[in-house]
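Note that our numbering has the sequence shown beginning at 20, numbered continuously upward.
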Amino acid sequence: MVPGVRLVVLGKQGAGKGTQCVRLSHHYVVPHVSTGDMLRAAVKSGDGLGSKVKENMDSGELLGDDLIMEMVAERLGEPDARARGFILDGCPRTTHQAEVLASLMAPDDIDAAVDIEVPTIQAMRRLAGRRVCVDCGSNYSVSAPPKSGTWICDVCGGEVIQREDDIEDAISRRLELYERQTAPLIDWYTSRTQLAKVNGIGSPDAVLRRIIRSVEDKRQQRGGSR
Ligand code: AMP
20 MVPGVRLVVL
30 GKQGAGKGTQ
40 CVRLSHHYVV
50 PHVSTGDMLR
60 AAVKSGDGLG
70 SKVKENMDSG
80 ELLGDDLIME
90 MVAERLGEPD
100 ARARGFILDG
110 CPRTTHQAEV
120 LASLMAPDDI
130 DAAVDIEVPT
140 IQAMRRLAGR
150 RVCVDCGSNY
160 SVSAPPKSGT
170 WICDVCGGEV
180 IQREDDIEDA
190 ISRRLELYER
200 QTAPLIDWYT
210 SRTQLAKVNG
220 IGSPDAVLRR
230 IIRSVEDKRQ
240 QRGGSR
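Encoded structure:
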């Protein structure tokens, strides 16, 4: 069996992170841990956390580091992630989150932080056209809708909608926040020789192959696999 992996996946919104994370989690047989999905599930269930975060999420604001890292620590402490690793999607978003994550991993560390690179204009175009299933989170777009030809999910039959934070104002705000707050992570992971930069332009299969190749290169440089 393919060895497990501990991966952080970076890249501006619309870089194809969600799509590649699902593929990577199948390839490495590890859970896909998406902070955005976990938060949206909390909002949907209407629990205490959900009502606390809904407003900030709808406007595209980042949530507090402590709240996020507590949620991530709990998820990464579960047996599946402890045994084989994880694909972490949407976190870290700030260098403080990265520091907390590194301390959670100690004395080991993540295998790599993958940065999927796409030009901003292309990311904006993808986000404006993105549609998601409200029930299972499957991704579609106006150019690749569900096979039924209606906005009903092929996977689970749920309703496929445009996310509230994928409207134009919130998209600009999220991309601006990305540049300001999250881009420094690239420097942080580069200085720790953990950054694996991958060109995100091309078919999902081509991008996946590039990611796997660069993760394996990183693993070799860092001295073997898990
Ligand atoms: P995403 O689906 O990753 O774009 O996340 C949707 C929203 O959830 C973001 O716009 C933030 O409001 C919140 N969020 C998700 N992950 C984080 C994080 N690591 N730090 C802060 N806020 C987050």
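Each residue gets a CB set at the ideal place from its N, CA and C atoms; glycine is no exception.
Are the beta-carbon atoms belonging to residue i and residue j less than 9 Å from one another?
i    : j    : result
I180 : V161 : no
V3   : G104 : This structure does not reach residue 3, given that the chain is present from 20 up to 245, and the question cannot be answered.
G221 : D134 : no
V112 : T201 : A small correction: the amino acid at residue 112 is Arg; Val does not occupy that position in the sequence shown. A contact, by the Cβ cut-off of 9 Å.
S191 : V174 : no
A131 : K237 : yes
With DSSP as the reference, label residue i as helix, strand or coil.
i    : result
C152 : strand
D130 : coil
A202 : coil
V217 : strand
E93  : helix
S167 : coil
R103 : helix
S244 : Residue placement at S244 cannot be trusted, given a pLDDT of 46 that sits under 50; what the coordinates show is reported in the next sentence. Coil.
R25  : strand
V137 : coil
V52  : strand
D84  : helix
S160 : strand
D236 : helix
D66  : coil
Please classify residue i as buried or exposed, where buried requires at least 16 other C-beta atoms within 10 Å of its C-beta.
i    : result
L86  : exposed
R228 : exposed
R232 : exposed
Q213 : buried
Q32  : buried
R101 : exposed
R149 : buried
R211 : exposed
S70  : exposed
S244 : In this prediction, S244 has a pLDDT of 46, which is less than 50 and means its spatial position is unreliable; what the coordinates show is noted afterwards. Exposed, because fewer than 16 other Cβ atoms sit within 10 Å of the Cβ of S244.
T209 : exposed
T169 : exposed
Checklist entry - Are the segment 208-220 and the segment 57-74 touching, with three or more C-beta to C-beta distances below 8 Å? => result Touching, no.
Checklist entry - Counting Cβ pairs, one atom from each stretch, are 3 or more of them under 8 Å apart for the segment 131-147 and the segment 76-84? => result No, the segment 131-147 is not in contact with the segment 76-84.
Next on the checklist: Quick check: the segment 38-52 against the segment 103-119, are at least 3 beta-carbon pairs closer than 8 Å?
Outcome noted: Enough Cβ pairs lie closer than 8 Å, so yes.
Next on the checklist: Taking 8 Å as the cut-off, does the segment 120-133 touch the segment 142-150 (at least 3 CB pairs, one atom from each stretch)?
Outcome noted: The segment 142-150 makes no contact with the segment 120-133; the number of CB pairs closer than 8 Å stays below 3.
Checklist entry - In chain order, which continuous runs of the alpha helix (DSSP H) of length 4 or greater are located wholly inside the segment 168-199? => result Taking 4 residues as the shortest admissible run, the segment 168-199 contains the following complete alpha helix (DSSP H) segments, listed from N- to C-terminal end: 187-196.
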